[in-house]
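**Q** Residue numbers (the UniProt record's numbering): 1 to 1115.
Ideal Cβ placement from N, Cα and C applies to all residues, glycine included.
No experiment lies behind these values; they were computed from the predicted model shown.
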């Protein structure tokens, strides 16, 4: 361009001059051939893995593996695992790996279905429609008329012939056919059903322009309507898709709502500014060359040996750490077994882009065992040679844009390195081993919270937040510098990385692998003109390498450790906890201190100091380290936050000054007998885990610090020394609403004046409880008092008694008891206990029409079949014994029932008490009866009340049965409430404890979802020899109803009863349950934080995985 000022004669006086520009278009316009080349829509090959079958079908993995084997068995190749394991030179490794890679690629092209996918062009579909093409053609005709300046108002014959000649003139189309404006116009009119005479040109020559304009108006109106309908349909489609995404893919839905643009780069030109001279490169060769130059020199440094003698301040820090033992790395470089290697390959992620070699994770995962053995042999050779194939070192760079506009400036891009999948599988194995060792042995001492298993941003954010809060509360000065490092991975010096790795005593052969991994490697960049030529990488590590984050943490750890050792950071102070000190006792003013100087997450570092001077010292140390390790600070992203000490400050309360904590509301809401300062139940801790006061009390409790409560207004109900919470423990909260409604808080409220436990009828009368409400907690109290000897000892100590079982109330069998039974409409006979021939005792029912005027009656005798600790007694009709005084023979036996005789015993009424009396019958099956009563407690109370013997235990009683021993498994008691279902589950567990292989069918269901009547049921059956069902179990589940929860709970039940080391086959129809369990169990780095990220059922899933690992089950 040439420009020059020109003098003008303005209308008004001005000293401005006009500038004219002469543009040379031939030099500005890019070659048309290049434009067409760039506009050609590119395409890429897509492998249709979804259509691949295991064995059957046209496309299957068996053919894929068979083709690989045949290729490698070719006489000219003849590749075997022994030949691979015999490699001892790098050249041999390269040659044989290329053969194996070619075998996979050859089989892929033949046996995996492929399709070409064109890259979408941002073009409206209606633009290519026939309607739009016709409209554009008509507009072109109109413009052609205007350019030729035809006059349709001149009615002369000469002008008429000129118009006709213009319209009928022939021209050559793009497809090679000849046509005219007239023929095109007539065909367009017919195509859109617009009536026109074939002789209109002769009859209406001078109206042609008007007809053409009217036709354009008609087609434009039609195009507007079609466009409106298209947009309306597209809006409806996108709305439906967004609604569907809300259910199935919330991430995609949010991205759609926020209208986040999907940006991509096309490197078809490169802008550079060298020495303040702007240059734009557009030619293909120049673009490729400048792209290579940029990424080769972007770090501004190269790998070179650094001598620590020139940096004496860092010599001590790079010495091998004395607190690290070499033995912790003993398993780091051990060979895996072939099966474990296959498991490692199976754990690789899905839906990842294939490497430039064309081999994807999906292909590696579906290699059969024979072909996996080839890959495994190559991995073993790499470990032997401490090196990898040269082909693995060739990588490709894919560029993505930063948030700022691209403007053809490569500094505004981020790069992703596409690595070979086989290399990533090998390095992921090493990374998993090394990260586990570093984590378990706490090798890295700096405050770095990235790369290691279980680490996240949660810890540094929480730590910085606590420091800021401490500075505010204590009116301290705080300087916080947030520092970002420029091109952290790209500037890692491999020689200094080796020194950092040697510092933590990692074995030398592992160091050689890492060093060779990042030396002598080459990169290529994807541009609009295909790939650039390969260039040598001069420094740094790969951005997309699995082990790169961990290597950065090792590389950066010396600086973090040095800063922490200098104690220049912010100091947190707290009063020193004086254990075994009593409240009110004089304590010293000694405090505990903890200094935090840094917090890092990858290349983002926060320096925390109390003053400017300390910050300057830290930066001096950091600058020295950065200079040694070729690290650059990104000053544009660095931020300094300062909190200055306030002049006017109101001090907080002294740590030892008594502070009244208002916990009364929680105590009343949860119906607790005593203040939370005295007793803090675990159930309350979990329920109120986000409550500040509860969290503070928990912290004190964890450090064995107890608070003395001086308040005299703790009790919600006066009196009482033993709370029901102490008796029932966690089961107390299951009946919290009931206890609170009827104001029941202490065990003493349930005792008589003689310190005996009230019967259920007496409790109903005392607290006005309707008969319709079941006292489910009553038997739990009896069972708890029988099991928990500490509570029973407290009762004996407080009331000066010597109970060894729950002190229940007994009722004498008498005329009054029978009158009371009839008054309450109890149609069933009472179950009686007679002690005439103590220590023998008899259980049974009275014969009809008992005469209470005499002391004897006839007892229908029952044998005791079983006694358990769950307040149940099972009895059955006696058919004759040594104490039989008479027999009873039914006159009319039931259908299919043999003639039987039953035992009767003559007993004294005075030695007979009521064991059980209720409205409902207790008959279960085959004349058996199941009684909800604690037999041992009842018998003990009867003996004590009759004073027949002074010192008794239930072991002295001769009953014709040996009670079952229920030593519940700790895992059962940990996860379930003690009830009849748990007892049944325990019974199944005992039956299966000798099995080494189990097969279960599990199922769960949810009915009446989203209603008050929602109910979940879970169950399993154990199958033996395919058709024989040996055990079955079903139960209902409370809280958080969902079908998935029921399915998971059924699996959980089957696993918890399985013995240690057993192989368990679980058959379920819920694929989601299988996927969740496999995904978590096969991920060794799945942390507690990850469990909380699960949307639902995280506790059940955690319990399932924990049981599998604790019992060493093979699932």
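1) Should residue 579 be labelled buried (16 or more other beta-carbon atoms within 10 Å of its own) or exposed?
2) Please report the distance separating the alpha-carbon of residue 76 from that of residue 379.
3) Is residue 844 helix, strand or coil when you go by DSSP?
4) Taking the C-alpha atoms as reference points, what is the distance between residue 543 and residue 459?
5) For the candidate residues 815, 552 and 369, whose alpha-carbon lies nearest to that of residue 849?
6) Give me, in chain order, the residues of the same chain whose beta-carbon lies closer than 8 angstroms to that of residue 856; leave out the 5 immediate sequence neighbours on both sides.
7) Distance check for residue 95 and residue 428, CA to CA, integer angstroms please.
8) Can you check whether the CB of residue 671 is closer than 8 angstroms to the CB of residue 767?
9) Within the region 747-823, note down every full beta strand (DSSP E) run reaching 3 residues or more, in order along the chain.
10) Looking at C-alpha atoms only, which residue of 357, 703, 644 and 840 is the closest neighbour of residue 108?
11) When you compare only the Cα positions, how much space is there between residue 525 and residue 268?
12) Out of 1056, 381 and 1088, which one is the CA nearest neighbour of residue 85?
13) Based on Cα-Cα distance, which residue from 254, 471, 813 and 1073 lies nearest to residue 845?
14) So, at 7 angstroms on beta carbons, what are the nonlocal neighbours of residue 586 in its own chain, with the 5 sequence-adjacent residues on each side left out?
15) Looking only at DSSP bridge pairs, what is residue 570 linked to?
16) Quick one: what's residue 860 bridged to in DSSP?
17) Assign residue 834 to one of three DSSP states: helix, strand, or coil.
18) So, are the CB atoms of residue 701 and residue 676 less than 8 angstroms apart?
19) Am I right that residue 271 and residue 374 are in contact with their C-beta atoms under 8 angstroms? What's the rounded C-beta distance?
20) When the Cα atoms are used, what is the spatial distance from residue 131 to residue 222?
21) Per the contact definition of three or more C-beta pairs closer than 8 angstroms, is the region 493-512 in contact with the region 616-630?
22) Between the alpha carbons of residue 831 and residue 742, how many angstroms are there, rounded?
23) Taking 8 angstroms as the cut-off, does the region 357-369 touch the region 475-486 (at least 3 CB pairs, one atom from each stretch)?
24) With a threshold of 7 angstroms on Cβ separation, who are the neighbours of residue 817 within its own chain once the five nearest residues in sequence on each side are excluded?
25) Checking 8 angstroms against the spacing of the C-beta atoms, do residue 477 and residue 594 come in under that value?
26) With distance defined between alpha-carbon atoms, name the residue in 771, 1072, 1055 and 1019 nearest to residue 1065.
27) Can you give me the start and stop residues for the beta strand (DSSP E) that residue 636 sits inside?
28) Residue 703 to residue 446, Cα distance in whole Å?
29) Does DSSP put residue 913 in a helix, a strand or coil?
30) Would you check if the region 750-765 and the region 691-700 touch, i.e. whether three or more CB-CB distances between them fall below 8 angstroms?
31) Do three or more CB pairs link the region 503-520 to the region 242-260 at distances below 8 angstroms?
32) Count the other CB atoms within 10 Å of the CB of residue 774; is the residue buried (16 or more) or exposed (fewer)?
33) I'd like the list of long-range same chain contacts for residue 163, defined as Cβ closer than 8 angstroms, with 5 residues on each side in sequence excluded.
34) Per the contact definition of three or more C-beta pairs closer than 8 angstroms, is the region 1048-1062 in contact with the region 993-1009?
35) Does the count of Cβ pairs from the region 1030-1043 and the region 1085-1092 closer than 8 angstroms reach three?
36) Please list, in chain order, all residues of the same chain as residue 252 whose beta carbon is under 6 angstroms from its beta carbon, the five residues on each side excluded.
**A** Taking the coordinates as given:
1) In the chain shown, counting from the first residue as 1, residue 579 sits at position 579. Residue confidence is low: residue 579 scores 39 on pLDDT, short of 50, so the model does not pin down where it sits. Its coordinate-derived value is still stated next. A residue is called buried once 16 or more other Cβ atoms fall within 10 Å of its Cβ, and residue 579, having fewer, is exposed.
2) Against the chain shown, residue 76 aligns to sequence position 76. Against the chain shown, residue 379 aligns to sequence position 379. If you draw a straight line from the Cα of residue 76 to the Cα of residue 379, it comes to about 24 angstroms.
3) What you label residue 844 is simply residue 844 of the chain shown in a count that begins at 1. Strand at residue 844.
4) In the chain shown, residue 543 corresponds to position 543, counting from 1. In the chain shown, residue 459 corresponds to position 459, counting from 1. Between residue 543 and residue 459, the C-alpha separation is close to 25 angstroms.
5) Counted from its first residue, the chain shown places residue 849 at position 849. Ranked by Cα distance from residue 849, the options 815, 552 and 369 are led by 815.
6) Within the chain shown, the letter at position 856 stands for residue 856. Within the same chain, residue 856 has close Cβ partners 906, 907, 908 and 909.
7) Walking along the chain shown from the start, residue 428 turns up at place 428. Walking along the chain shown from the start, residue 95 turns up at place 95. It is roughly 24 angstroms from the alpha-carbon of residue 428 to the alpha-carbon of residue 95.
8) Taking the chain shown and counting its residues from 1, one reaches residue 767 at position 767. Taking the chain shown and counting its residues from 1, one reaches residue 671 at position 671. No, these two residues do not count as a Cβ contact at 8 angstroms.
9) Within the region 747-823, no complete beta strand (DSSP E) run reaches 3 residues.
10) Taking the first residue of the chain shown as 1, we reach residue 108 at position 108. Nearest to residue 108 by C-alpha distance, out of 357, 703, 644 and 840, is 357.
11) By 1-based counting over the chain shown, the position of residue 525 is 525. By 1-based counting over the chain shown, the position of residue 268 is 268. If I take the Cα positions, the gap works out to 12 angstroms.
12) The sequence position of residue 85 within the chain shown is 85, counting from 1. For residue 85, the closest C-alpha among the options 1056, 381 and 1088 is that of 381.
13) What you label residue 845 is simply residue 845 of the chain shown in a count that begins at 1. Selected option, being the one with the closest Cα: 813.
14) Your numbering for residue 586 matches position 586 in the chain shown. The predicted model places residue 586 with a pLDDT of 48, which falls under 50 and marks its position as unreliable; any figure quoted below should be read in that light. Same-chain partners within the cutoff: there are none.
15) Sequence index remark: in the chain shown, residue 570 carries index 570 (1-based). Bridge partners of residue 570: 596.
16) The residue you call residue 860 lines up with position 860 of the chain shown. Answer is 845 and 904, bridged to residue 860.
17) To locate residue 834, count along the chain shown from 1; it is residue 834. Three-state DSSP puts residue 834 in a strand.
18) Against the chain shown, residue 701 aligns to sequence position 701. Against the chain shown, residue 676 aligns to sequence position 676. Contact: no.
19) As a working note, residue 271 is residue 271 in the chain shown. As a working note, residue 374 is residue 374 in the chain shown. Not confirmed; about 47 angstroms, so no contact.
20) Within the chain shown, the letter at position 131 stands for residue 131. Within the chain shown, the letter at position 222 stands for residue 222. Going by the C-alpha atoms only, they are around 8 angstroms apart.
21) Note that the region 616-630 touches the region 493-512; at least 3 beta-carbon pairs, one per stretch, sit closer than 8 angstroms.
22) Position 831 of the chain shown, counted from the start, is the residue given in the question as residue 831. Position 742 of the chain shown, counted from the start, is the residue given in the question as residue 742. It is roughly 30 angstroms from the alpha-carbon of residue 831 to the alpha-carbon of residue 742.
23) These segments do not touch.
24) Here residue 817 is taken as the residue at index 817 of the chain shown, counted from 1. Around residue 817: 811 and 914.
25) Start at 1 with the first residue of the chain shown, and residue 477 comes out as number 477. Start at 1 with the first residue of the chain shown, and residue 594 comes out as number 594. With a cutoff of 8 angstroms on beta-carbon distance, residue 477 and residue 594 are scored as not near each other.
26) If you number the chain shown from 1, residue 1065 lands on position 1065. Looking only at 771, 1072, 1055 and 1019, the smallest Cα-Cα distance to residue 1065 is reached by 1055.
27) By one-based count along the chain shown, residue 636 stands at place 636. In this chain, the beta strand (DSSP E) harbouring residue 636 covers 632-643.
28) On the chain shown, residue 703 is found 703 positions in, with the first residue counted as 1. On the chain shown, residue 446 is found 446 positions in, with the first residue counted as 1. Those two C-alpha atoms are separated by around 26 angstroms.
29) Numbered from 1 along the chain shown, position 913 holds the residue referred to as residue 913. Three-state DSSP puts residue 913 in a strand.
30) Fewer than three pairs of CB atoms, one per stretch, sit closer than 8 angstroms, so the region 691-700 makes no contact with the region 750-765.
31) No, the region 503-520 does not touch the region 242-260.
32) Counting from 1 along the chain shown, the entry for residue 774 is found at position 774. Residue 774 is classed as exposed because its beta carbon has fewer than 16 other beta carbons within 10 Å across all chains shown.
33) The residue labelled residue 163 in the question sits at position 163 within the chain shown. The residues are 150, 152, 205, 206 and 208.
34) With a cut-off of 8 angstroms, the region 1048-1062 and the region 993-1009 count as touching, because enough Cβ pairs lie within range.
35) Because the criterion of three Cβ pairs below 8 angstroms is not met, the region 1030-1043 and the region 1085-1092 do not touch.
36) By 1-based counting over the chain shown, the position of residue 252 is 252. Scanning its chain for C-beta atoms nearer than 6 angstroms, with the 5 sequence neighbours on each side dropped, one finds around residue 252 the residues 245, in chain order.
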